[in-house]
Amino acid sequence: MSKPTPVDLAPVDPTPVEMVEKQLRRRGIRDQRVLNAMLLIPRAEFVSARDRHRAYTDAPIPIGYGQTITQPYMTALMAQSLMLDGSEKVLDVGTGSGYHAAVLGRLARRVISVERIPKLAALARANLDRAGCRENIAVVSADGSLGYAPEAPFDAISVAAGSPDVPAALLAQLRDPGRLVIPVGGRLDQELYFVQKENGKILTRTLTSCRFVPLLGQDGWNY
Numbered sequence: 601m602s603k604p605t606p607v608d609l610a611p612v613d614p615t616p617v618e619m620v621e622k623q624l625r626r627r628g629i630r631d632q633r634v635l636n637a638m639l640l641i642p643r644a645e646f647v648s649a650r651d652r653h654r655a656y657t658d659a660p661i662p663i664g665y666g667q668t669i670t671q672p673y674m675t676a677l678m679a680q681s682l683m684l685d686g687s688e689k690v691l692d693v694g695t696g697s698g699y700h701a702a703v704l705g706r707l708a709r710r711v712i713s714v715e716r717i718p719k720l721a722a723l724a725r726a727n728l729d730r731a732g733c734r735e736n737i738a739v740v741s742a743d744g745s746l747g748y749a750p751e752a753p754f755d756a757i758s759v760a761a762g763s764p765d766v767p768a769a770l771l772a773q774l775r776d777p778g779r780l781v782i783p784v785g786g787r788l789d790q791e792l793y794f795v796q797k798e799n800g801k802i803l804t805r806t807l808t809s810c811r812f813v814p815l816l817g818q819d820g821w822n823y
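Using my numbering, you'd call the opening residue of the sequence shown number 601 and step up by one each time.
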């Protein structure tokens with residue numbers, strides 16, 4: 601029997617089904633609406649052409665401008681933690697290439713996604729259009745650390761960038777009752793916080809350790 605060649609030993613890039621079954625379900629993602637959304641939304645449409653072969657790997661992928669598309673498991677964990685039933689208006693901070701907004705758009709009634717880099721906001725709109733996901737998603741270019749007051753209050757808020765603390769503007773724009781997920785900590789490493797507002801009280805617990813790009817802005821990190 602001949603020995604396998606290096607090509608035979610090369611890792612095979614995962615498919616969307618493998619992403620859902622091996623990376624998400626096996627790691628505790630149980631919300632079937634989240635799993636269905638991530639199975640149906642073509643993540644390959646939200647990365648560059650040169651990275652499409654690895655679009656479903658469980659890792660962040662650079663999208664330009666010093667930003668990344670979030671690791672699939674972290675996207676799923678954040679979406680599941682918000683416990684969306686389809687009736688909510690959601691604020692998505694840190695649009696990036698638009699994939700996280702696309703997932704939230706499958707789970708909520710309306711999504712306002714805020715991106716501070718205008719060229720990335722334009723890229724996200726194009727990606728969402730191409731993937732057929734933009735019907736209930738509005739992408740705006742603004743300082744996401746300040747939320748988006750014209751559309752507040754929000755039933756849920758998802759922040760895909762690490763902040764030194766939970767921005768006051770986001771807490772103010774969160775409906776009561778409402779839920780928020782955000783990475784909080786240093787510029788390199790954070791803890792993913794789940795924040796619940798209920799009866800005027802703010803309750804916070806840690807979901808997991810994580811690593812996101814920094815949330816730059818007035819209520820985030822200085823440039």
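Glycine is no exception: its CB is placed at the ideal position from the N, C-alpha and C atoms.
Here the structure is a predicted model, which is why all the values come from computation and not from measurement.
**OP:** Specify the secondary structure class of M619 as computed by DSSP and reduced to three states.
**Re:** Residue mapping note: residue 619 aligns to position 19 of the sequence shown, counting from 1. M619 falls in the helix class under three-state DSSP.
Original post:
Does the pairing of the region 726 to 735 with the region 744 to 753 give three or more beta-carbon distances under 8 Å?
Top reply: no
Subject >> Status (buried if at least 16 other CB within 10 Å, exposed otherwise) for V617 >> reply: Position 17 of the sequence shown holds residue 617. Label assigned to V617: exposed.
Original post:
Alpha carbon to alpha carbon, what distance is there between S758 and L780?
Top reply: Locating residue 780 in the sequence shown gives position 180, counting from the first residue. Locating residue 758 in the sequence shown gives position 158, counting from the first residue. The alpha-carbon atoms of L780 and S758 are separated by roughly 6 Å.
Original post:
At what residues does the alpha helix (DSSP H) containing R652 begin and finish?
Top reply: Mapped onto the sequence shown, residue 652 falls at position 52. Unbroken run through R652: none, as it is neither H nor E.
**OP:** For Q708, count neighbouring Cβ atoms within 10 angstroms of its own Cβ and tell me buried if that reaches 16, exposed if not.
**Re:** Against the sequence shown, residue 708 aligns to sequence position 108. Residue identity check: residue 708 is Ala in the sequence provided, not Gln. The residue in question, A708, is buried, as its Cβ has 16 or more Cβ neighbours within 10 Å.
**OP:** For the region 788 to 796 and the region 709 to 721, state whether three or more C-beta atom pairs, one from each stretch, are separated by less than 8 Å.
**Re:** no
Subject >> Nearest-angstrom beta carbon gap, L635 and R625 [assumed within contact, 8 Å] >> reply: Position 25 of the sequence shown, counted from the first residue, corresponds to residue 625. Position 35 of the sequence shown, counted from the first residue, corresponds to residue 635. 7 Å between Cβ atoms; contact.
**OP:** To the nearest angstrom, report how far apart P672 and G696 are at their CA atoms.
**Re:** Counting from 1 along the sequence shown, the entry for residue 672 is found at position 72. Counting from 1 along the sequence shown, the entry for residue 696 is found at position 96. Their backbone Cα atoms lie some 14 Å apart in a straight line.
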